[in-house]
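J.: Can you keep this structure in mind? I'll have questions shortly.
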Amino acid sequence: VYPVPGSPFACHVTHAPVSLSKAIATGECLRQAPVKCENIFELEGFDGIDPQVLITSPSGDTVSSRVSFRDDIHFVSFVPTSVGRHLISVTANDQHINGSPFSCNVFDVSRVAISGLDHHNTLASLGVPLTFSVDAAGAGEGTLELVVSTATSTVKAEVTACARGLYDVTFVPQTCEPHFVNITFNDLPVDGSPFRCEVQQNTQNVQVGNSTFIELVGEDQTVEIYDPENKMVPFTLSRKSAEFKATKIGSYIVRYVDQETRSFIAARTINVFDPSMVKIVEVGEAYCHKPASLAVSILDAGQGTLTSVVRCGGLEVPHSIRGPTKNGTWEIVYHPTRVAPHKIMILYNQVPIASKPIEINVLAPAMSKEITVNGLGLYQARVTKTTSFAIDTVGHPAREFDVVVSGPGGQALPVRCYQTKGGHLQAEFTVQKVGQCLIDVLHQSKPLPGSPYTCESYDPSKIHLQKVPKMNLCTNSPITWNVESEAAGVAEIEVTVLSPTGQNVPVQLTQQEDYVHQVEFLPLTAGHYKATVMYGGESVPGSPITFAVQAVGGKTDSHASGNGLEVAHRGKETSFVVFCPTMPNVQIERCDEQAERIEPKIKNLGNNEWKIFYTILTVGEYEIRASCTNRGPLPGSPWTIACLDPAKVTPIGGWGSLLDNNGKLLLPAKIAFDTSMAGPGELTCYVDSTEVNVEKQTNGRCILYLSDEELSKGEHSFDLTWSGLPISQSPGYVFVTGNSSAADKVVLTGRGLTSAQVGEISHFTIDASEALSGKPEVHMEFEDGENLPVTLLQPRPNELIWLASYNPHKSTGGPLSLSVEWNGRLIKGCPLTISVGPAVDAAKVLCSGEGLRNGVVGRDIKSWIDTRRAGPGELTAHCAGPRKVAYCELYDHGDATFTLNVKPQEPGRHTLTIKYGGQHVPGSPFTLRVAGAPDASKVRVYGPGIEHGVLATFQSRFIVDTRGAGAGQLTVRVRGPKGAFRVEMQRESQKDRTILCKYDPTEPGDYRVEVKWAGELVPGSPFPVLIFDTQEELKRFLHGN
């Protein structure tokens, strides 16, 4: 035992001082005081002795105080800065006066927080409970007083203590006059008090056929419910709510009454409506830049508000709703600015009247004689899918139009144009990535009105659904998730939610930030809700989503189990068991847009057990939803299962092609399976209980490599399954003979195996697809022993195919020797001998002929090529036009000279490439100008020289216009009374297609003017011309005709 430091301690005891029996302290702040305010109490009866005052905060700090003396009274003032119990000690002659130390509760009324009431004005609904919260936990100790009143009376309020200092207050507005909520804390009003509540006759909207919950404020209340025909409606009553099913369209009246006295408390109205009864009675034709409309009747749908959304691609179109008309219809008027399909989604009380919007084709302005461009493809394009739009050419030939599409990043996209049966020009293109495209539509090199068009390309597969809730989903609690579209481009988002009864549910879609939209809906009844998210009219990954919503406070002791919740065999009955007090509600639905329903059979096994049987006839993914009455979905619901057909897993070519004469599957083997018709499963293979890797390909095929390595000679077990289901006709055993060699199955192909040229890269291929495993080793050397390196490239790592290349640098070292080994064994046929030729000199190739510069469509365009001085090599020719490739023919004369014949398919500038030994010959690439095929029918002849006249005043000139007639030669012959005439022809320039012709007749008589283009008579030729002596003769002739 050791003494603590300072021990023993000394304590001095003195006589008690004489107390002041008359000294007293008075003041409210000795009991409680507000924080950060000056508080004053009074001291009396100290008979000339100065009092000492010490105020201590809850943390032990001293709070400063000031003592003043006036009229025989001491006044003490202090300002507390913290909330809590303060000690106020008042002493005289070192002795506490009567009551000291005083316990003062310091509170902070500013820390009383009110939520659910607006500081300016709160909107409340008549007969609908209004709940707000009061949080006084941080305000200190005190009395919270709350009064709800109107100008004429007070209103009963229910207060529920949620935690220490936290209260929920609920009251039901009885009348439509303003209600005031007065809240004080220790007799001081809280910030914002009194709160004003404006009460309005608010009607709750409920879809017909839905269960409706009515919240009850107090346990001493109940309700009376009357349908539109004033008949009382049965309902079920729980602790805090009443539930009834709305089966008729119209207004239901809910009367709150006292449970004992049945005296009236309040009333509210519930409007029951049916959005499916909103009918479209007339759809007017829609023309661009003119108001268009459709008429809607809501007479049979109940009371409600009609709204709509009009879109064209990703663009919202301005619209308005007018009505009602005399016959009770409403009109949706919209203002299209694009000649493209428009989608109109009509909503009634925020519920879509149909699962899909109405689509209306907007036409070009009626009776328009102008060229117009129309189609959604001008504004929106789905990535990797063909996008199109149409040009109404109004009779203009297709060759006068040009369409240029620049994809994201300015890359030019190929465009295909063709004439439709209706005479329009259809343009098609495909965008490969997300972004903005520019579409230029030109007529005679001039942009049409509206060009260039901005087209947004989008990809629904890049949409991400984020924060999708799966657990703890309850009725009357909003369900929200996010749609992220940053990588998906610009398109419209459409979300529809179906309730457990198959009805559309109101959905709110709000933009949270750039590329992120939040989806929210409120489930009112327990069950499965199915949400479909569409982007640009196409379902996105992860859609549809099924939400299993439980009833608030529902029990979860029900459950389901069995193999039928995992996988189903096509065409065979499958089952699972449900444990549930009442018959379960089971839905089986295909996971695609068709949503095919499968009808289950339910058998009661007793002891709250139910067996569910179902048979599926089509492979694919299905969703099973199961719920118990009044308890909501079962735990784990919904289940996603795969319906499979293992009989459809077959080797390409059948099992027979893989087995030997004795029906045995010999190893090694490579088997390609077609699984496209077998459903969404996984192929699994075991040889002697050892799993064999299966290569899965994207086209519904699987490749199985069965090696004989590490397997002894003889029989081995072979187990093949499709997601656990055995594959019929599959052999149960495989055999290893030990005779075959993998090297024997390697195949060499390519020109580089027989000959090569100096300075030119030669290629060959090593195909070891049948050898299953291994790697090639290649060795190449000249006859003189010098090694030549060989480059190996494996294009696809999962395929046993290699591309080999080499480049001999000399031809004097003799032929090359090639050896290829596989797993250390020489491949059959090796070593190979390869001859090496001298280097090619393309610069010594001579090309000549008019066919290198000009030509005409439909005629032979010939040129001559001489390779005699260039050494041995390969001659190639390629000719590309503005849009099409021209056909090239090379005729070998057998003496290293060639004739090249080019056959173009279109007029325009062509690029002719001639290579020898892979190198351009001198002048290549050549620019070849190809003119259109001559068309004499397009030539026009006009002027006084082909009309009748008088010799003295005859003007013999006439004009031949050859524009649009293609390439050709003009021939003009004039025959008169004494034979042929000489004709003068002239044109302003070489490029001018208009030729002026002239001849000089010397005597009257019959003349014939014959005009030919490329050897063919032009329209009207030969032209008969009569020349007279006098004007009278000419008049007489014309009058006689």
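Be aware that the sequence shown starts at -5, since it is given in the working numbering, and climbs by one per residue.
Glycine included, C-beta positions come from ideal geometry on N, C-alpha and C.
All of these numbers come straight from a predicted model, not from anything done at the bench.
1) Which term fits Val879, buried or exposed, when burial requires 16 or more other beta carbons within 10 angstroms of its beta carbon?
2) Determine the DSSP secondary structure at His283, reduced to helix, strand or coil.
3) Which residues mark the beginning and the end of the alpha helix (DSSP H) in which Lys1029 is found?
4) With a threshold of 8 Å on Cβ separation, who are the neighbours of Pro(-3) within its own chain once the five nearest residues in sequence on each side are excluded?
5) Which residues in the same chain have their Cβ closer than 8 Å to the Cβ of Ser245, if we skip the five residues on either side of it in sequence?
6) Could you tell me which residues DSSP puts in a beta bridge with Ser109?
7) On the criterion of 16 or more Cβ atoms from any shown chain inside 10 Å, does Phe63 qualify as buried, or is it exposed?
8) Would you call Pro594 buried or exposed, if buried means 16 or more other Cβ atoms sit within 10 Å of its Cβ?
9) Helix, strand or coil for Arg564, going by three-state DSSP, please let me know.
10) Let me confirm a value: Ala481 is counted as buried when at least 16 other C-beta atoms fall within 10 Å, else exposed. Which label applies?
11) Assuming Ala240 contacts Asn204 (C-beta within less than 8 Å), just tell me the rounded distance between them.
12) Looking only at C-alpha atoms, which of Gly1034, Ser71, Thr148 and Thr144 sits nearest to Glu171?
13) Glu310 to Pro346, Cα distance in whole Å?
14) Does DSSP put Ile352 in a helix, in a strand, or in coil?
15) Residue ranges of each beta strand (DSSP E) run of no fewer than 3 residues wholly in the segment 271 to 352, ordered along the chain?
16) Please name the residue in Gly429, Pro446 and Gln426 whose C-alpha comes closest to that of Val435.
17) So for Ala946, helix, strand or coil by DSSP?
18) Do you know how far the Cα of Lys664 is from the Cα of Leu1109?
19) Here's the rule: buried if 16 or more other CB atoms are within 10 angstroms of the residue's CB, otherwise exposed. What is Val933?
20) Who are the Cβ neighbours of Asp294 in its own chain at under 6 Å, not counting the five residues just before and after it?
21) Taking the continuous beta strand (DSSP E) assigned at Ser83, which residues delimit it?
22) Which of helix, strand or coil does DSSP assign to Gly650?
23) Taking the alpha carbon of Gly746 as the point to measure from, which residue in Lys707, Gly694, Ser811 and Ala762 has its own alpha carbon closest?
24) May I ask which residues mark the beginning and end of the beta strand (DSSP E) holding Asp44?
25) Per DSSP, what are the beta-bridge partners of Cys98 in this structure?
26) Decide if Ala871 is buried, meaning its Cβ has at least 16 other Cβ atoms within 10 Å, or exposed.
27) Looking only at its chain, what residues have a beta carbon closer than 6 Å to the beta carbon of Ile755, apart from the 5 residues adjacent to it on each side?
28) Under 8 Å: do the segment 521 to 531 and the segment 680 to 700 share three or more Cβ pairs, one atom per stretch?
29) Considering Cα atoms alone, identify which of Ser451, His418 and Gly403 is closest to Val425.
30) With hydrogens ignored, establish whether the beta-carbon of Thr56 is closer than 6 Å to any heavy atom of the ligand PLP.
31) Could you check the C-alpha separation between Gly78 and Pro28 for me, to the nearest Å?
32) Is it a yes or a no for the segment 776 to 786 touching the segment 709 to 719, going by three-plus beta-carbon pairs under 8 Å?
33) Under DSSP, the beta strand (DSSP E) around Gly556 begins and ends at which residues?
34) Label His418 either buried or exposed according to how many other C-beta atoms from any shown protein chain fall within 10 Å of its C-beta, with 16 as the threshold for buried.
35) Given Pro1039, which residues of its chain have a CB within under 7 Å of its CB, disregarding the five upstream and five downstream residues?
36) From the DSSP output, which residues share a beta bridge with Met528?
T.: Let me spell this out:
1) exposed
2) Of the three classes helix, strand and coil, the one that applies to His283 here is coil, per DSSP.
3) Gln1025 to Gly1034
4) none
5) Thr197, Pro222, Thr263, Ile264, Asn265, Val266 and Gln297
6) Paired residues: Ser127.
7) exposed
8) buried
9) coil
10) exposed
11) 6 Å
12) Thr144
13) 17 Å
14) Looking at Ile352 - three-state DSSP - the assignment turns out to be strand.
15) For the segment 271 to 352, whole beta strand (DSSP E) runs of length 3 or above, ordered along the chain, are 273 to 277, 286 to 291, 300 to 306, 313 to 316, 323 to 328 and 335 to 342.
16) Pro446
17) helix
18) Nothing in the structure corresponds to residue 1109, since the chain is present only between -5 and 1035.
19) buried
20) Met271
21) Here the beta strand (DSSP E) through Ser83 covers Gly78 to Ala86.
22) Correct three-state label for Gly650: helix.
23) Each of Lys707, Gly694, Ser811 and Ala762 was checked against the Cα of Gly746, and the nearest Cα belongs to Ser811.
24) That residue, Asp44, is in no beta strand (DSSP E); it is neither H nor E in DSSP.
25) Beta-bridge pairing links Cys98 to His80.
26) buried
27) Ser799 and Asn801
28) no
29) Ser451
30) For the ligand PLP, the structure offers nothing, since it holds no ligand at all.
31) The straight-line gap from Cα to Cα measures roughly 10 Å.
32) no
33) Looking at the DSSP string, Gly556 is not in any beta strand (DSSP E), and its letter there is neither H nor E.
34) buried
35) Within the shown structure, residues of the chain are numbered from -5 to 1035, placing residue 1039 beyond reach of any answer.
36) For Met528, which the question treats as bridged, DSSP gives the partners Glu488 and Ser533.
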